[in-house]
């Protein structure tokens, strides 16, 4: 292995180790909330089933599909950056960006719908006969967990936009692919979080 | 000179499998509402996440130390789960 390729391989390993360390902290960040979900769902199964039934199944499923497809584009963009195909990388990054924004738009539509139906925890929360007072816990967890996920998505969208600009300028390419790897890892991680949120909030009680 | 094509059929195929697993996840709502249905939904989610991690996050191409780092978060989550379970199951 030449000196240059050995240096590049070392850079890649360092990047991967650093990013996975950060993602481990993110797993624990979300993990605490997932643990709270398990505890409360075990304690109030009927309330969580009622809460799940009031979610919009098709918007949730559509959003999951959007994120999965965006991950495909991010993976292709990463490969394109390594191959020096900057235009392809740029196109795939813009596609992922558009899908990410689409996800957030659908989330906004959902939140608006919940607000209209008085499903936001607080003074105006409307109790249903099926769920009872514990249904508010379901919605508290829903807004906390999906809200935190949406905040991560916003940061991800910003990172992808920055990466697209860097690729366009030629600052990220086969000689320096690390930024694409880092942004890609972050994006796929946020996708993985939603992969677990979907069955916990959109499928119970149907 | 025409740029060399970037092979991405495998990534698109993985994406297709992920969408198929999503459809399977949605179809679990047709099963009777038992705890097994929830477990099945989470199992499908775990399979999807594993594919994203292995293929899209390129863990397949990384060497041992990176894989150890990548599993650190999961290990600590297991500690959290065991400690919580030991509390709640013994109440």
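Protein chains in written order, with the working numbering: chain Y, 279 to 484; chain A, 1366 to 1456. Built from N, CA and C at the ideal position, the CB exists for glycine as well.
1. Taking just the CA atoms, how far does residue 427 (chain Y) sit from residue 457 (chain Y)?
2. Whose C-alpha, out of Y:397, Y:435, Y:316, is nearest the C-alpha of residue 378 (chain Y)?
3. At what residue ranges does the stretch 328 to 380 of chain Y contain a whole run of the alpha helix (DSSP H), taking only runs of 4 or more?
4. Can you tell me whether residue 1456 (chain A) is helix, strand or coil according to DSSP?
5. On the three-state DSSP scale, how would you describe residue 454 (chain Y)?
6. Among residues of its own chain, excluding the 5 on either side of residue 486 (chain Y), which ones have a beta-carbon nearer than 7 Å to its beta-carbon?
7. Evaluate residue 472 (chain Y) with the Cβ neighbour count: other Cβ atoms within 10 Å of its Cβ, from every protein chain shown; 16 or more gives buried, anything less gives exposed.
8. To the nearest whole angstrom, what separates the beta carbons of residue 478 (chain Y) and residue 315 (chain Y), a pair I think is in contact under 8 Å?
9. At a CB-CB cut-off below 8 Å, which residues of chain Y make contact with residue 1418 (chain A)?
10. Can you tell me whether DSSP reads residue 1380 (chain A) as helix, strand or coil?
11. Three or more C-beta pairs closer than 8 Å, one from the stretch 341 to 361 of chain Y and one from the stretch 1410 to 1422 of chain A: is that the case here?
12. Should residue 461 (chain Y) and residue 438 (chain Y) be called a contact, given that it needs their Cβ atoms to be closer than 8 Å?
13. Taking the alpha helix (DSSP H) that residue 443 (chain Y) falls in, what are its first and last residues?
To lay it out plainly:
1. 22 Å
2. Y:435
3. 335 to 361
4. coil
5. strand
6. No information on residue 486 (chain Y) is available, as it lies outside the stretch 279 to 484 that chain Y covers here.
7. buried
8. 6 Å
9. 466, 470
10. helix
11. yes
12. yes
13. 413 to 447
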